[in-house]
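J.:
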Amino acid sequence: MSILTIDHISKYYNLDGTNQERALNDVTLEIAPGKITAIYGPSGCGKTTTLRIIDGFEEATSGTVLFDSKNLLDIPPYERLTNTVFQHYALFPHMDVYDNVAYGLRIKEHISLFKRLKNNLNGKNKKVLKSKKQIEEEIKVRVLKLISLVGLEGFEHRNISKLSGGQQQRVAIARALVNEPKVLLLDESLGALDLKLRQEMEYELKKIQRNLGITFIFVTHDQEEALTMSDKVVVMNNGEIQQVGTPIDVYNEPANRFVANFIGKSNIIDGIMIKDLLCSFDGKEFECVDKGFKDNENVDIVIRPEDIDIVKKDEGFFNGIVISEIFKGVHYEIHVQTENRDFLIHTTDYHGVNEEVGLIFTPDDIHIMEKMEW
Ligand code: ADP
2 MSILTIDHIS KYYNLDGTNQ ERALNDVTLE IAPGKITAIY GPSGCGKTTT LRIIDGFEEA
62 TSGTVLFDSK NLLDIPPYER LTNTVFQHYA LFPHMDVYDN VAYGLRIKEH ISLFKRLKNN
122 LNGKNKKVLK SKKQIEEEIK VRVLKLISLV GLEGFEHRNI SKLSGGQQQR VAIARALVNE
182 PKVLLLDESL GALDLKLRQE MEYELKKIQR NLGITFIFVT HDQEEALTMS DKVVVMNNGE
242 IQQVGTPIDV YNEPANRFVA NFIGKSNIID GIMIKDLLCS FDGKEFECVD KGFKDNENVD
302 IVIRPEDIDI VKKDEGFFNG IVISEIFKGV HYEIHVQTEN RDFLIHTTDY HGVNEEVGLI
362 FTPDDIHIME KMEW
C-alpha cells in the first residue's frame, strides 16, 4: 500500500525558447505510509525537482502524482496534504517561537471561518461560529504540544533571532507539522547545521516521526543522513532512479556501478560471471552467491573495503604490498597494490607501508552487478 505514487514523471525546464534542461526522466516511485524515505544523489540529479513536484510547487512535463489514489492536481492548494521544511527555514523573524508555530493554524482557521461565514450569509448550513477566544484556546493546545514535541518547551516567547541554528530548525519542523500534514517533505533541511547538531537532529527527527506516524520524505546529498535516517533510500542520478531499497540493501547489494561507487567507497572490478555462483577476475575464479546472469557475461564486481581480510603473504587469494595507511578513528584505511589493482581495505589491525600481505574474502563478500555503460 502506498500513500503517494509518482507515476512516470518527467520534467523538462525551459531554459529559453529552444533549449530545455532534462531534470527528471520517467521517474516512478511508491511511497509507503508512516515511513521515512530518503531521496539521495549528487547535486543536480533531480532530488529537489521531485520534491517540488510532490509539493505542487512545480508541474511535471508528463506523468502524474497520486495522493491516496487522487490526482495531486485535483486537490486545491489549501487542502494540500504535504508541508515542506526548507534548508533555509524561512521563519518569520519578527515573531516569537509560539507565533511562528501558530501561524499556519491561524491561517487555516481564517479560511474555514470565512467559508462558514459565507455559508451562513447565504443561509445554508447554519453553524455556530466559534469566538476568537475559543479558536485561540484550541490553537494553543496544538502549538504547545508541537513545541514540546520538538524539545523547545520554555522557548515559546523567545524571539527567532535569539535562537541557535538547531533551535530554529526545530521551530521550522514544529511549524510544518502543526497542520497535521499527511506527508512532511524535508529539503536538505539539516544541511545548514554543523555535524554534531545534524546527527542530534537526525535522531530527533526519527523520534518525532515515530511519535506521530507521519510519512517523511527527505532530500539529501549526505550519505550518512540517507542511510541512518531512512526506512527506504531512493538513489538518483541524472534525473533517473538507480535503486530503491532499505539502507542495508543499497549498501550491501548495490544495483549498479553508480550506486556502489556513490554509497561508500568501494572496490569495483571488471569481471566475468562464468556461470551461476562462479565468477572470475584478475586471473582467478571465485565462488559467489549470485546467479541469473548469462554464462560468461561481463559484469561489475563490488567488494566492500571492510569485507577484505588481511592474512600472511602466500595465505590469501592475492599477494600485495601496503602502499598507504591512514588512521580513521575506528579503523585504518589502507591501500594494497596487487599485481592487477589497488585494493582499498578497512581494517582494525595496523599494517605499515611496504608490508607484504595476503588478501582473502568470502563468497558473500562478492557482489555481482550488471555491467553499466558510462
Ligand atoms: P538536485 O536537487 O538533485 O540538486 P535539481 O532537482 O535541483 O537537482 O535539478 C535537476 C536539474 O534541473 C539540474 O540540472 C538543474 O540545473 C535543473 N534545474 C533545476 N531547476 C531549474 C530551473 N528552475 N530552471 C532550469 N533548470 C533547472
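For the sequence shown, our numbering gives the first residue as 2, with consecutive numbering after it.
Ideal Cβ positions, reconstructed from N, Cα and C, are used throughout, including at glycine.
Grouping DSSP H, G and I as helix and E and B as strand, with all else coil, what is residue 88?
T.: Against the sequence shown, residue 88 aligns to sequence position 87. Here residue 88 sits in coil by DSSP.
J.: Round the Cβ separation of residue 180 and residue 105 to the nearest angstrom and send it over; I've been treating them as touching at under 8 Å.
T.: Working through the sequence shown from its first residue, we reach residue 180 at position 179. Working through the sequence shown from its first residue, we reach residue 105 at position 104. Confirmed, Cβ separation roughly 5 Å.
J.: Assuming the contact rule is C-beta atoms closer than 8 Å, residue 1 and residue 301 should be a hit. Round their C-beta distance to whole Å, please.
T.: Not covered by the structure: residue 1. The range shown for the chain is 2 to 375.
J.: Shorter than 6 Å, the distance from the beta carbon of residue 193 to the closest heavy atom of the ligand ADP, or not?
T.: Here residue 193 refers to the residue found at position 192 of the sequence shown. Result no, Cβ not under 6 Å from the ligand ADP.
J.: Which one of 365, 201, 358 and 317 has the shortest CA to CA distance from residue 304?
T.: Taking the sequence shown and counting its residues from 1, one reaches residue 304 at position 303. Nearest option by C-alpha distance: 365.
J.: Quick one: what's residue 15 bridged to in DSSP?
T.: Indexing the sequence shown from 1 puts residue 15 at position 14. Residue 15 is bridged to 21.
J.: How about residue 62 and residue 12: do their beta carbons lie closer than 7 Å?
T.: Locating residue 62 in the sequence shown gives position 61, counting from the first residue. Locating residue 12 in the sequence shown gives position 11, counting from the first residue. Closer than 7 Å, so yes.
J.: Please tell me whether residue 24 has its Cβ less than 7 Å away from any Cβ of chain D.
T.: Included in the structure is just one protein chain, with no chain D present.
J.: Taking its Cβ as the centre, do 16 or more other Cβ atoms sit within 10 Å of residue 74, making it buried, or is it exposed?
T.: For this step, residue 74 is matched to residue 73 along the sequence shown. The residue is exposed, with fewer than 16 neighbouring Cβ atoms inside 10 Å.
J.: Is residue 49 close to the ligand ADP? I mean its beta-carbon at under 6 Å from any heavy atom of the ligand.
T.: Counted from its first residue, the sequence shown places residue 49 at position 48. Yes, the ligand ADP has a heavy atom inside 6 Å of this Cβ.
J.: Does the separation of the CB atoms of residue 147 and residue 178 fall below 7 Å?
T.: Your numbering for residue 147 matches position 146 in the sequence shown. Your numbering for residue 178 matches position 177 in the sequence shown. The answer is yes: Cβ separation under 7 Å.
J.: Taking only the alpha-carbon atoms, compute the straight-line gap between residue 274 and residue 246 and give it to the nearest angstrom.
T.: Looking up residue 274 in the sequence shown gives position 273. Looking up residue 246 in the sequence shown gives position 245. Approximately 24 Å, taken between the alpha carbons.
J.: Which residues mark the beginning and the end of the alpha helix (DSSP H) in which residue 209 is found?
T.: Start at 1 with the first residue of the sequence shown, and residue 209 comes out as number 208. Residue 209 -> alpha helix (DSSP H) spans 196-213.
J.: Measuring CB atoms only, is the stretch 49-69 touching the stretch 252-261, in the sense that at least three cross pairs come out at less than 8 Å?
T.: Taking 8 Å as the limit for Cβ pairs, the verdict is that the stretch 252-261 does not touch the stretch 49-69.
J.: Would you grab the beta carbon distance between residue 223 and residue 37 for me? Rounded to a whole angstrom, and I think it's under 8 Å.
T.: Within the sequence shown, numbered from 1, the residue matching residue 223 stands at position 222. Within the sequence shown, numbered from 1, the residue matching residue 37 stands at position 36. Wrong, their Cβ atoms sit about 14 Å apart, outside the cutoff.
J.: Just the Cα atoms here: how many angstroms apart are residue 23 and residue 52?
T.: Position 22 of the sequence shown holds residue 23. Position 51 of the sequence shown holds residue 52. Cα to Cα, residue 23 sits roughly 16 Å from residue 52.
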